[in-house]
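Visitor: Remember, this note's numbering sits 108 above the position in the sequence shown when you count from 1.
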Amino acid sequence: MVSGRLICAAIINIVLNTAPLLRSAYFLRKLLELMETPGSSYLSQVWYILAITFCTVIRTTTLAGSFNLGAVTGIRVRCGVLSLVFKKKISRRTKIQVLKPFARKIGEIRKKETNLLEKSLRIQSILSAQSTLIPVISAVVTFFAMTMTDQNISVTQAFVYVSLLTTLRLPLGNTPYLLKSLAEGLHVCQRIKVGPFDC
Numbered sequence: 109m110v111s112g113r114l115i116c117a118a119i120i121n122i123v124l125n126t127a128p129l130l131r132s133a134y135f136l137r138k139l140l141e142l143m144e145t146p147g148s149s150y151l152s153q154v155w156y157i158l159a160i161t162f163c164t165v166i167r168t169t170t171l172a173g174s175f176n177l178g179a180v181t182g183i184r185v186r187c188g189v190l191s192l193v194f195k196k197k198i199s200r201r202t203k204i205q206v207l208k209p210f211a212r213k214i215g216e217i218r219k220k221e222t223n224l225l226e227k228s229l230r231i232q233s234i235l236s237a238q239s240t241l242i243p244v245i246s247a248v249v250t251f252f253a254m255t256m257t258d259q260n261i262s263v264t265q266a267f268v269y270v271s272l273l274t275t276l277r278l279p280l281g282n283t284p285y286l287l288k289s290l291a292e293g294l295h296v297c298q299r300i301k302v303g304p305f306d307c
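Written out as structure tokens, the structure reads:
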């Protein structure tokens, strides 16, 4: 069951990342080249426009499917983890009086955790803000370098390049959230395994 979801998620993500690249790198470039050449047929331009639309629809549909698959899997994992934690909590028969000597130490640990969480939230906000700027900054730097070296670039090449950079925003933008989720999951697993329940 888990391997089926993993295979399905891998296929969805391959389609999700291939469709926009195909749209920007091939169909859009061909359409712009056709529009620049005099005497090109409108029928082929319409076909390229339909192909671009089809790639966009595929991307939107697979993004929704990926989100749905992830949400269902997340709910199932959360329910499983919570049931294990609650079973472990109920099975322990510690008294409240035993925890009183550890109250100060627990307070210090929580204070350290709060400081670490504040720092991680600051870093996460910086990373999420920068992920939207990456395509813009890279396009500006590339065009500036091409201008300084007297390279000729056509409108078609520039438009396709900017479109490709915008397409790469989705995978690059989700990377900080992925790393954050992996780190938090690892931390939670460590706390469940060796934590306040194992007294």
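For every residue, glycine included, the Cβ atom is placed at its ideal position computed from N, Cα and C.
Along the chain, where does the alpha helix (DSSP H) that runs through residue 274 open and close?
Guide: Per DSSP, residue 274 belongs to the alpha helix (DSSP H) from 263-275.
Visitor: CB residue 136 to CB residue 268, shorter than 8 Å?
Guide: Yes. Within cutoff.
Visitor: Nearest to residue 257 by CA position, among 264, 263, 249, is which residue?
Guide: Closest option to residue 257, Cα to Cα, is 249.
Visitor: Between the beta-carbon of residue 124 and the beta-carbon of residue 167, is there less than 8 Å?
Guide: Yes, the Cβ-Cβ distance between residue 124 and residue 167 is below 8 Å.
Visitor: What are the start and end residues of the alpha helix (DSSP H) that includes residue 137?
Guide: It spans 136-144 - the alpha helix (DSSP H) in which residue 137 sits, taken as one unbroken run.
Visitor: DSSP three-state call for residue 147: helix, strand or coil?
Guide: Coil at residue 147, not helix or strand.
Visitor: Where residue 219 and residue 176 are concerned, what is the direct C-alpha to C-alpha distance, given to the nearest angstrom?
Guide: Roughly 36 Å separates the two Cα atoms.
Visitor: Just to confirm my understanding: we take residue 230, look at its own chain, exclude 5 residues before and 5 after, and list those with CB closer than 8 Å. What are they?
Guide: Nothing meets the Cβ criterion.
Visitor: In angstroms with no decimal places, state the Cα-to-Cα distance between residue 161 and residue 179.
Guide: Roughly 27 Å between the two C-alpha positions.
Visitor: Leaving aside the five residues before and after residue 143 along the sequence, list all residues of the same chain whose C-beta is less than 7 Å from its C-beta, in chain order.
Guide: Closer than 7 Å at the Cβ level, and outside the excluded window around residue 143, lie 153.
Visitor: Count the other C-beta atoms from every protein chain shown that fall within 10 angstroms of the C-beta of residue 120, then say buried if there are 16 or more, exposed otherwise.
Guide: So residue 120 ends up on the buried side.
Visitor: Out of curiosity, what's the CA-to-CA distance linking residue 146 and residue 263?
Guide: Straight-line Cα distance between these residues: approximately 16 Å.
Visitor: Would you check if the distance between the CB atom of residue 270 and the CB atom of residue 247 is smaller than 8 Å?
Guide: Closer than 8 Å, so yes.
Visitor: Rounded to whole angstroms, what's the CA-CA distance from residue 128 to residue 279? Just pull it up for me.
Guide: Those two C-alpha atoms are separated by around 11 Å.
Visitor: Taking a contact to mean a Cβ-Cβ separation below 8 Å, would you say residue 272 touches residue 132 in this structure?
Guide: In this structure, residue 132 lies closer than 8 Å to residue 272 by Cβ.
Visitor: Assign residue 297 to one of two classes, buried (16 or more other C-beta atoms within 10 Å of its C-beta) or exposed (fewer than that).
Guide: Its Cβ having fewer than 16 others within 10 Å, residue 297 is exposed.
Visitor: From residue 193 to residue 183, what distance separates their C-alpha atoms?
Guide: Their backbone Cα atoms lie some 15 Å apart in a straight line.
Visitor: Round the Cβ separation of residue 117 and residue 174 to the nearest angstrom and send it over; I've been treating them as touching at under 8 Å.
Guide: Rounded, the Cβ-Cβ distance is 7 Å, consistent with contact.
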